[in-house]
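S.K.:
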Amino acid sequence: MTLADVKPGQSGKIVKIQITGALKRRLMDMGVVAGTVVRVEKVAPLGDPLEVQIKSYQLSLRKAEADKIEVEAVR
Amino acid sequence: MIIEEEKNKSGQGAASNHRASFVIAVAGNPNAGKSTLINAMAGARLQVGNWPGVTVEKKSAEFEYEGRRIILVDLPGTYSLSPYSQEEVIARDYLVHERPDVIINVVDATNLERNLYFTLQLLELEIPLIVALNMYDEAGQKGFRIDTAKMASMLGCAVVPTVATRREGVDRLIETAVEFAESSNRREMMAVSYGEDIEKAVRSIVEDMKQHGAELVNHGPSRWQALKIIETDEIVLDEMGISADDNFLKQATHHLSKAHGEDLETLLADTRYALAAGLTREALKKPETRKRELTERIDAIVLNRYLGIPIFLFFMWLIFKLTFDIAGPFTEWFDAVISGPLTHWSAAVMTLAGAPDWAISLVTEGVIAGVGAVLIFLPPIFAMMFFITFLEGSGYMARAAFVMDRMMHAIGLHGKSFIPLLLGFGCNVPAVYATRTLENPRDKALTALLIPLMSCGARLPVYLLFVGVFFSAYAGTVLWSLYILGIILAVMVGWIFKKTLFRGEAPVFIMELPPYRMPTMTSLLIHTWEKGKHYLIKAGTFILAITICIWFGLNLPWGVESKRDSYLGHIGQAAAPVFAPLGFGTWEAASSLITGVIAKEIVVSTMGEVYTPKDGDDKEKNAPSVSEELKQIGVSFVGAVGKAVGNVFSTFGIATISMEEEEGTESLKTAIKKNFTPLSAYAFMAFVLLYVPCFIVLVAMRHEFGTWKWAGVTIAYQSVLAWTVSFIIYQGGTLIGIG
Ligand SMILES: Nc1nc2c(ncn2[C@@H]2O[C@H](COP(=O)(O)OP(=O)(O)O)[C@@H](O)[C@H]2O)c(=O)[nH]1
Ligand SMILES: [Mg+2]
Chain A
1 MTLADVKPGQ
11 SGKIVKIQIT
21 GALKRRLMDM
31 GVVAGTVVRV
41 EKVAPLGDPL
51 EVQIKSYQLS
61 LRKAEADKIE
71 VEAVR
Chain B
76 MIIEEEKNKS
86 GQGAASNHRA
96 SFVIAVAGNP
106 NAGKSTLINA
116 MAGARLQVGN
126 WPGVTVEKKS
136 AEFEYEGRRI
146 ILVDLPGTYS
156 LSPYSQEEVI
166 ARDYLVHERP
176 DVIINVVDAT
186 NLERNLYFTL
196 QLLELEIPLI
206 VALNMYDEAG
216 QKGFRIDTAK
226 MASMLGCAVV
236 PTVATRREGV
246 DRLIETAVEF
256 AESSNRREMM
266 AVSYGEDIEK
276 AVRSIVEDMK
286 QHGAELVNHG
296 PSRWQALKII
306 ETDEIVLDEM
316 GISADDNFLK
326 QATHHLSKAH
336 GEDLETLLAD
346 TRYALAAGLT
356 REALKKPETR
366 KRELTERIDA
376 IVLNRYLGIP
386 IFLFFMWLIF
396 KLTFDIAGPF
406 TEWFDAVISG
416 PLTHWSAAVM
426 TLAGAPDWAI
436 SLVTEGVIAG
446 VGAVLIFLPP
456 IFAMMFFITF
466 LEGSGYMARA
476 AFVMDRMMHA
486 IGLHGKSFIP
496 LLLGFGCNVP
506 AVYATRTLEN
516 PRDKALTALL
526 IPLMSCGARL
536 PVYLLFVGVF
546 FSAYAGTVLW
556 SLYILGIILA
566 VMVGWIFKKT
576 LFRGEAPVFI
586 MELPPYRMPT
596 MTSLLIHTWE
606 KGKHYLIKAG
616 TFILAITICI
626 WFGLNLPWGV
636 ESKRDSYLGH
646 IGQAAAPVFA
656 PLGFGTWEAA
666 SSLITGVIAK
676 EIVVSTMGEV
686 YTPKDGDDKE
696 KNAPSVSEEL
706 KQIGVSFVGA
716 VGKAVGNVFS
726 TFGIATISME
736 EEEGTESLKT
746 AIKKNFTPLS
756 AYAFMAFVLL
766 YVPCFIVLVA
776 MRHEFGTWKW
786 AGVTIAYQSV
796 LAWTVSFIIY
806 QGGTLIGIG
């Protein structure tokens, strides 16, 4: 399952980031690291990007990137 | 006052020596309150320049403190010392290479974990560090209890709670900074431990570096460097002259990467975040129950599936209206004062002094007109920078980008591109300045290139003239079609640029949505003022120079009788055949288009001059007396203020798009009727919409990007586009028999 599959209002725990290079580094620097719980808050009115809560702040990213972040479900 | 001024001097007995001056760098995550804190520390003494080589703003401030000169540097917000954006590169390079005497790390107390992740990296630079625990008021409102003493002892640096917007804790912050800068004691700062394996590798790399000699050691503290080598940080490796497949590097990291399945960069980032989480757990007590916060409640509405876009459009409409409604009366006032009293006073004074006619003309039509051209853009630039700064400081700008990103992404732009483009409909000049909200140089350039396709207010008089002559029956539809034409072409051109000039991976959209906050009036005013000032000085000089050049073009060779014989007239005649396939291949039309580069509405006045030459002295009606005019200037200024205020309160009717005013005199209209057909008139209007923007836009591009490159690209692509589109309209129309 990836972050793009998580429904608004639900959470996932990050398992792995399937991205490399500078972009991965950027995501990690913004708190997207394995073991962190992310909650999907909203989808933008036109269907993309997503707003997620991570490390107690709001982050927005496009589905294309979210789809490369593996998560496991948390209830 | 929520912060008690504690009087415990941490540096008691520490050896200290008074220093004449020193530098404090203010670093931290975006939106942590760095700029506000600097304003609070240094008052309004902020200076805004550019970082060398780039157009990112460099803000610094100098102030006196008990006989010392303290220089504060506002670094661009950054999440990490591994930079991602151009701005982050600047912050990183400054810290690593310039090595300020003290770093004040502004930490958002409501978001400790992510902020401390950066703090941990700053500690590794081994520069005296003070944590300004900002937003302490908000943390209090959330019921956060932060043990600052514990935090300080864990981090091994000073922690000073602050509320930048209210100047709380600021004096103590300055005192602490001075103390840190002057103390010769080395402080035991916290060293992040990355585990035995990594630490062993760090030690051996440090050893190796010592043996390799000084050139390796000189780019930052050696432990930091060793860690960066393990992370294979490309910038550091580059600075040290190590290539990615260097033996040194392979040796250093070989067994580590073997032992740890995943890459080492991830390992280090994970370790730092784990530590930041640990520190947060130790120092921060959150209340059991979490309140639904203001930001969440606002976002529930503002980012709502159905309401999100209408609300965004409403805000944009409001800003557009306020910008041009407030600025409009002042622009008119500048225009009236400069073209009226100022012009004929100078003419009168020069006549008295016995100056020749050409000199008077040079001063009034060249210099003063140039000053006027600069000044009339000042009100919209001020007004717009004010609102843009407000949008950013309040946190709404990020939401606007969030809401619009999908649409903008489709044409290769960023969500934040929408606002500059929209402002372009009012005036392209401030719109170009509004691209500063885009961090990425690619997004910024592409947005600026498309702005001139947004039909600005100055093109309207040209449309009105032609629509009035040829299309009065369906004026609204024809006008609307021109605006839509511009938008459709922008989408197409954006797409083409995305595939050609800006080929390659479009930058991704990873953006924080900061909590809503009220920006302070001082910071809004400072920013507005700085932008206006820069426009006046930097862009103003160019604009003045170009206006004078154009005057020479219109008046040389000396003593030309008609504009047709001037240099510009000659150019017009030479250029006319180029426009023949478009339906308006006359020297009159060509000359009007050439002078239209000054400002598009000048197309109308030039047409007036070349189609209906006047007897010369109709300007000098019986001139009112000087005192009368002085009074008039004052009265009309008060009137402008009143009008601006009135505009703000009157909800409808954007002043610039009123259809009542018909442009042009009757004789001009007759001449146009004779020289154009409806089809060639429409082709001409499309040409005016699309051909090069006024040169002030070009100067603004130069100013904003620090190079003429994008202005050049604009001229090139717009000329081609305008010609092609007008050609298609005219020839196509002729073919199907509309002509
Ligand atoms: N409540 C509160 N707001 C603050 C404080 N410091 C800054 N702000 C607000 O936070 C926003 C971002 O501040 P700014 O100085 O632009 O952040 P920067 O990006 O770090 O330079 C602005 O709206 C400020 O008015 C503070 O201590 N308390
Ligand atoms: Mg700032």
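Respectively, the protein sequence lines represent chains A and B. Numbered by the numbering used here, the letters in the first sequence go through residues 1 to 75 in order. Numbered by the numbering used here, the letters in the second sequence go through residues 76 to 814 in order. Every residue, glycine too, gets a C-beta built ideally from N, C-alpha and C. No experiment lies behind these values; they were computed from the predicted model shown.
Here's the rule: buried if 16 or more other CB atoms are within 10 angstroms of the residue's CB, otherwise exposed. What is E141 of chain B?
M.R.: exposed
S.K.: Would the region 399–419 of chain B count as touching the region 443–453 of chain B if we require 3 or more Cβ pairs under 8 Å?
M.R.: yes
S.K.: Could you pull the start and end residues of the beta strand (DSSP E) that M586 of chain B belongs to?
M.R.: I585 to E587
S.K.: I'd like to know whether the C-beta atoms of S60 of chain A and L382 of chain B end up nearer to each other than 9 Å.
M.R.: no
S.K.: Give me the Cα-Cα distance between A77 of chain A and D5 of chain A, rounded to the nearest whole angstrom.
M.R.: Residue 77 of chain A lies beyond the stretch modelled for chain A, which goes from 1 to 75, so this question has no answer here.
S.K.: Out of B:I813, B:S711 and B:R777, point me to the one whose CA is closest to Y757 of chain B's CA.
M.R.: B:I813
S.K.: Among B:P753, B:I790 and B:S436, which one has its Cα closest to the Cα of G808 of chain B?
M.R.: B:P753
S.K.: Just verifying my parser: in three-state terms, what is the DSSP assignment at E737 of chain B?
M.R.: Caution is warranted here: a pLDDT of 47 is assigned to E737 of chain B, below 50, making its placement in the model unreliable, and the coordinate value is therefore given only provisionally. Three-state result, E737 of chain B: coil.
S.K.: Along the chain, where does the alpha helix (DSSP H) that runs through G561 of chain B open and close?
M.R.: A550 to K574
S.K.: Using the Cβ count rule (16 or more neighbours within 10 Å means buried), how would you classify Y269 of chain B?
M.R.: buried
S.K.: Anything in the region 152–164 of chain B with a Cβ closer than 7 Å to a Cβ of chain A? List those residues in chain order, please.
M.R.: Y154, S155, S157 and Y159
S.K.: Does ligand 2 have a heavy atom nearer than 8 Å to the CB of G152 of chain B?
M.R.: yes
S.K.: Return the chain-ordered list of same chain residues with a C-beta closer than 7 Å to the C-beta of K55 of chain A, the five sequence neighbours on each side being excluded.
M.R.: G31 and T36
S.K.: For R534 of chain B and K718 of chain B, which I take to be in contact (beta-carbon distance under 8 Å), what is that distance rounded to the nearest angstrom?
M.R.: Incorrect: roughly 23 Å between the Cβ atoms, too far for contact.
S.K.: Taking its Cβ as the centre, do 16 or more other Cβ atoms sit within 10 Å of R777 of chain B, making it buried, or is it exposed?
M.R.: buried
S.K.: P8 of chain A: which of A:A22, A:E65 and A:V43 sits nearest, CA to CA?
M.R.: A:V43
S.K.: With three or more beta-carbon pairs closer than 8 Å as the criterion, would you say the region 324–337 of chain B touches the region 170–179 of chain B?
M.R.: Result no; under three Cβ-Cβ pairs closer than 8 Å.
S.K.: Does the beta-carbon of K574 of chain B have 16 or more other beta-carbons within 10 angstroms, so that it is buried, or is it exposed?
M.R.: Burial call: exposed.
S.K.: If you measure between the beta carbons of L50 of chain A and A66 of chain A, is that distance less than 9 Å?
M.R.: Taking 9 Å as the cut-off, the Cβ atoms of L50 of chain A and A66 of chain A count as close.
S.K.: Kindly indicate which residue of B:P516, B:V504, B:R94 and B:A761 has the alpha-carbon position closest to the one of K491 of chain B.
M.R.: B:P516
S.K.: Tell me whether Y549 of chain B is buried or exposed, calling it buried when 16 or more other Cβ atoms sit within 10 Å of its Cβ.
M.R.: exposed
S.K.: Rounded to a whole number of angstroms, what is the C-alpha to C-alpha distance between K275 of chain B and V281 of chain B?
M.R.: 10 Å
S.K.: Taking only beta-carbon positions, decide if Y805 of chain B is within less than 9 Å of chain A.
M.R.: no
S.K.: Spell out a yes or no on whether the region 705–712 of chain B and the region 646–655 of chain B are touching, meaning 3 or more CB-CB pairs, one atom from each, closer than 8 Å.
M.R.: no
S.K.: Going by the DSSP bridge assignment, what does T2 of chain A pair with across the sheet?
M.R.: A:E70, per the DSSP bridge assignment.
S.K.: Following the continuous beta strand (DSSP E) through D149 of chain B, name the residue where it begins and the one where it ends.
M.R.: R143 to D149
S.K.: What are the boundary residues of the alpha helix (DSSP H) that includes S11 of chain A?
M.R.: No alpha helix (DSSP H) holds S11 of chain A; the beta strand (DSSP E) holding it covers S11 to I17.
S.K.: Take F546 of chain B and list the residues in its own chain whose beta-carbon comes closer than 6 Å to its own, dropping the five residues that flank it on each side.
M.R.: V553
S.K.: Which of the residues in the region 32–47 of chain A, read from start to end, lie with their CB under 7 Å from any CB of chain B?
M.R.: Taking 7 Å as the cut-off between beta carbons, the residues of the region 32–47 of chain A near chain B are V33, A34, K42, A44, P45, L46 and G47, in sequence order.
S.K.: What residues in its chain sit with their C-beta under 8 Å from that of D690 of chain B, if we drop five residues either side in the sequence?
M.R.: Interpretation of D690 of chain B is limited by its pLDDT of 46, a score under 50 that renders its predicted location unreliable; the figure taken from the coordinates is listed afterwards. Cβ within range, chain order: n/a, list empty.
S.K.: Would you list, in sequence order, the uninterrupted alpha helix (DSSP H) runs of no fewer than 4 residues that lie entirely inside the region 394–473 of chain B?
M.R.: 418–427, 432–436, 444–450 and 453–469
S.K.: Enumerate in chain order the residues of its own chain whose CB-to-CB distance from V504 of chain B is below 6 Å, with the five nearest sequence positions on each side excluded.
M.R.: F452, I771, V772 and A775
S.K.: Counting Cβ pairs closer than 8 Å, one from the region 99–115 of chain B and one from the region 579–595 of chain B, do we hit at least three?
M.R.: yes
S.K.: Run down chain B in chain order and give the residues with a C-beta less than 7 Å from the C-beta of A22 of chain A.
M.R.: Y159
S.K.: In the structure shown, what three-state DSSP assignment does I178 of chain B receive?
M.R.: Of the three classes helix, strand and coil, the one that applies to I178 of chain B here is strand, per DSSP.
S.K.: I99 of chain B and V177 of chain B look like a contact to me (Cβ under 8 Å); what is the Cβ gap, rounded to whole Å?
M.R.: 5 Å
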